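Only one structure is covered here, and it is reproduced in the block below.
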Amino acid sequence: MSATDKILVIGSSGQIGTELTEKLQEIHGTGSVIASDLKKAANHQGVFEELDVLDEKKLGEIVAKYKVTQVYLLAALLSATSEKNSQFAWKLNMGSLFNVLDLAKEKKIKKVYWPSSIAVFGPSTPQENVPQFTVMDPTTVYGISKLAGERWCEYYFLKHGVDVRSLRYPGLISYKSPPGGGTTDYAVDIFYQALEKGTFECFLSENTTLPMMYMPDAIRATVELMQADAQNIKIRSSYNVGAISFSPKEIATAIQKHIPKFSIRYNPDFRQKIADSWPNSIDDSAARKDWNWSAKYDLQEMVKDMLQNLPKPAVNHK
Ligand code: NAD
Ligand code: SER
114 MSATDKILVI
124 GSSGQIGTEL
134 TEKLQEIHGT
144 GSVIASDLKK
154 AANHQGVFEE
164 LDVLDEKKLG
174 EIVAKYKVTQ
184 VYLLAALLSA
194 TSEKNSQFAW
204 KLNMGSLFNV
214 LDLAKEKKIK
224 KVYWPSSIAV
234 FGPSTPQENV
244 PQFTVMDPTT
254 VYGISKLAGE
264 RWCEYYFLKH
274 GVDVRSLRYP
284 GLISYKSPPG
294 GGTTDYAVDI
304 FYQALEKGTF
314 ECFLSENTTL
324 PMMYMPDAIR
334 ATVELMQADA
344 QNIKIRSSYN
354 VGAISFSPKE
364 IATAIQKHIP
374 KFSIRYNPDF
384 RQKIADSWPN
394 SIDDSAARKD
404 WNWSAKYDLQ
414 EMVKDMLQNL
424 PKPAVNHK
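To get this note's numbering, take the position in the sequence shown, counting from 1, and add 113.
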């Protein structure tokens, strides 16, 4: 990290972007972080540029205007939304990545962060403790775009020396900004419904276990990866990162410890099939070895923290 780093966050108004932008402002100074998205988030403080990342010209102009050195590319369509609009998902998820990687190839920026996902795995991938290198046969548009993206990241590193870094995030749980159309979104919504209504209808079945992570761990993983010495980053496709694995039934039980009357019903929809194609848990030993990754939050701590931080409803369901 250098004192002259200028950071561009693309997709800054989303679930991750909102919190990552704040953390990067803390680290680099508010004036050194340029947030950008189709629309500014209501509570955003600091520099903001309206940007459609598919507008290559405007992206280049913003990079030149602020002398940007690092780009965090978070704009994408997530798994459930991508299934409903597959052509556009492919266009956005791949087009945005090429626009940013090409800027790095042309030496206009020095470092790129781009997130991948557990969606790169598929039905033939081992279900438990998925190794870093394994069978990958994603059956969703989103997963196919993430797997292709990983291969392009590694290609740009090998052929063009681009310093691109990536994490395969599990489902992310947070309270500051709502999730944007994923299969793991139920694990956020459940908290809002538990507090507001005392009951929740889940779109996944009770024993659907998925890898998940609390947002503070995800933000820390991102920052630690980007701050690591380049020579320690041995994987330029994307790192497995693990934290917690739980099913809807298990998170409901953890919430019931705080809200005893909370009840859950199961009504699986099209997202069940997506979830069934993803693994249960992740082996992140490569990330642990290369840049000392270790998650801090377990299920109980995450649930306690979420319930403490979410706004309290007028009616008490406890
Ligand atoms: P999100 O949907 O909450 O946010 C994405 C943001 O990108 C939105 O604010 C949206 O307005 C913006 N955006 C969309 N199209 C754009 C465009 N053309 N130009 C500029 N901005 C545009 O998503 P998120 O959860 O914050 O995810 C960010 C990244 O992390 C994505 O690549 C996603 O695939 C990945 N990821 C997220 C999770 C998760 O659980 N949240 C898990 C794995 C990977
Ligand atoms: N949380 C994301 C989704 O469900 C996984 O990448 O789409």
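Where is the CB? At the ideal position from N, CA and C, for every residue including glycine.
The model shown is predicted, which means the values in this text are computed figures rather than measured ones.
Heavy atom of the ligand NAD within 6 Å of Thr297 beta-carbon: As a working mapping, residue 297 is identified with position 184 in the sequence shown. Under cutoff, so the answer is yes.
Element boundaries [beta strand (DSSP E), containing Ala148]: Here residue 148 refers to the residue found at position 35 of the sequence shown. Note, Ala148: beta strand (DSSP E), Val146 to Asp150.
Beta-carbon spacing of Val254, Ala202 below 7 Å: Taking the sequence shown and counting its residues from 1, the one referred to as residue 254 is at position 141. Taking the sequence shown and counting its residues from 1, the one referred to as residue 202 is at position 89. Yes, Cβ-Cβ distance for Val254 and Ala202 is below 7 Å.
Cβ-heavy atom distance, Leu280 to the ligand SER, below 6 Å: As a working note, residue 280 is residue 167 in the sequence shown. Checking every heavy atom of the ligand SER against the Cβ of Leu280, none is found closer than 6 Å.
Cβ-heavy atom distance, Tyr202 to the ligand SER, below 6 Å: For the purposes of this step, residue 202 is taken as the residue at position 89 of the sequence shown. Here residue 202 is Ala; the residue named in the question, Tyr, does not match the sequence. Incorrect: Ala202 has no Cβ contact closer than 6 Å to the ligand SER.
Glu162 beta carbon less than 7 Å from that of Ser83: Because the chain spans 114 through 431 in this model, residue 83 falls outside it and cannot be assessed.
Residue nearest to Gly256 in terms of C-alpha spacing, selected from Gly295, Gln245, Pro244 and Asn242: Along the sequence shown, read from residue 1 onward, the residue named residue 256 stands at position 143. Here the closest residue by C-alpha is Gly295.
Segment limits, beta strand (DSSP E) that includes Phe359: Numbered from 1 along the sequence shown, position 246 holds the residue referred to as residue 359. That run of the beta strand (DSSP E) goes Ile357 to Phe359.
Candidates Ile348, Asn393, Ile364 and Glu196: closest to Asp403 by CA position: The residue labelled residue 403 in the question sits at position 290 within the sequence shown. It is Ile348 whose Cα lies nearest to the Cα of Asp403.
Exposed unless 16 or more other CB atoms sit within 10 angstroms - verdict on Glu263: Against the sequence shown, residue 263 aligns to sequence position 150. That one is buried.
Same chain, Cβ closer than 7 Å to Asn320, five either side skipped, listed in chain order: Locating residue 320 in the sequence shown gives position 207, where the first residue counts as 1. Within the same chain, Asn320 has close Cβ partners Ser360 and Lys362.
For Lys259, the three-state DSSP class (helix, strand or coil): The residue labelled residue 259 in the question sits at position 146 within the sequence shown. Three-state DSSP puts Lys259 in a helix.
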